Amino acid sequence: MEADLTDPVTAANSIDQELVGGVDILICNVGIWAGDAFTSDYAFTDQSDVEMLEMINANITGTILLSKRLIPRMIGRPRPRIFLTGSTSGLPRSGRPEVAFGASKSAINGIADALREGYRKDRLAVTVLHLGYLNTEDGLDVPRDIAAARGDGSLVPVHDVVDTVRSISNLSSSSSVREVVLTAIDDTRF
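Under our numbering, think of the first position of the sequence shown as 17, with each following residue one higher.
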């Protein structure tokens, strides 16, 4: 289910209204960035205020409002789990200059920490996936070895992200994985 999280109130309400019943797992894969992010053309002071506000609204406010709407549907489920998509850009000393994007992804850690504490008695497990550079060109229909070779091995295949989420999802209700940092093996930043 997808929604336009640049309007987080409408998006969260829409998703909540479309769902029927309880929710076992929420995968909040939110992440928009500036058009010239991750290029040599990026310059913080050249970013439009509107673009930065949309990014912050989608990445932070969208995550908070969606969690607020769906957590009541998760409480009481056998193994409620939330996966929040962070980024290696939001980690300390990431080596990335994208200010609003990095700040918004750093905020995901704060959201996760607060949710863990606020819903610990309800056994809600919250995992932040700090993803590095991903190969998003190849779908899961492309063999993993071929997807892993794209970018000369400098990109994490989406297959690995899916397998990581599946593995954590299958843990017992007694276990919680707080964070996963998933980068290409040759990413020297971490």
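We put the beta carbon where it would ideally sit given N, CA and C, even for glycine. Every value quoted in this text rests on a predicted model; they were computed, and no experiment measured them.
Name the one or two DSSP bridge partners that residue i has.
{"i": "residue 198", "result": "147"}
Which of the three DSSP states, helix, strand or coil, is assigned to residue i?
{"i": "residue 101", "result": "strand"}
{"i": "residue 59", "result": "coil"}
{"i": "residue 69", "result": "helix"}
{"i": "residue 42", "result": "strand"}
{"i": "residue 141", "result": "strand"}
{"i": "residue 129", "result": "helix"}
{"i": "residue 37", "result": "coil"}
{"i": "residue 54", "result": "coil"}
{"i": "residue 136", "result": "helix"}
{"i": "residue 124", "result": "helix"}
{"i": "residue 206", "result": "coil"}
{"i": "residue 47", "result": "coil"}
{"i": "residue 22", "result": "coil"}
{"i": "residue 115", "result": "helix"}
{"i": "residue 189", "result": "coil"}
Within 8 Å of any Cβ in chain D, is that where the Cβ of residue i sits?
{"i": "residue 142", "result": "Included in the structure is just one protein chain, with no chain D present."}
Exposed or buried, residue i, counting other C-beta atoms within 10 Å across all chains shown (16 or more means buried)?
{"i": "residue 204", "result": "exposed"}
{"i": "residue 114", "result": "buried"}
{"i": "residue 109", "result": "exposed"}
{"i": "residue 62", "result": "exposed"}
{"i": "residue 75", "result": "buried"}
{"i": "residue 85", "result": "buried"}
{"i": "residue 144", "result": "buried"}
{"i": "residue 156", "result": "exposed"}
{"i": "residue 88", "result": "exposed"}
### Inside the segment 152-184 only - alpha helix (DSSP H) runs reaching at least 4 residues
Counting whole runs of 4 or more residues, the segment 152-184 contains the alpha helix (DSSP H) stretches 160-165.
### Task
Mind the definition here: the segment 141-161 touches the segment 66-81 only if three or more C-beta pairs lie below 8 Å; say whether that holds.
The segment 141-161 vs the segment 66-81: no contact.
### Task
Please list the segments of the beta strand (DSSP E) lying wholly inside the segment 76-101, counting only runs of 3 or more residues, in order along the chain.
The segment 76-101 contains these whole beta strand (DSSP E) runs: 97-101.
### Message
For the pair the segment 88-103 and the segment 38-46, tell me if three or more CB-CB distances fall below 8 Å.
### Response
With a cut-off of 8 Å, the segment 38-46 and the segment 88-103 count as touching, because enough Cβ pairs lie within range.
### Message
When you compare the segment 166-178 with the segment 119-130, are there three or more beta-carbon pairs, one atom per stretch, that lie closer than 8 Å?
### Response
They do not touch, by the three-pair rule.
### Query
Does the segment 173-193 come within contact of the segment 146-160, defined as at least 3 CB pairs closer than 8 Å?
Result yes; three or more Cβ-Cβ pairs closer than 8 Å.
### Stretch pair the segment 80-97 + the segment 47-58: three plus CB contacts closer than 8 Å
Remark: fewer than three beta-carbon pairs, one from each stretch, lie closer than 8 Å, so the segment 80-97 and the segment 47-58 are not flagged as touching.
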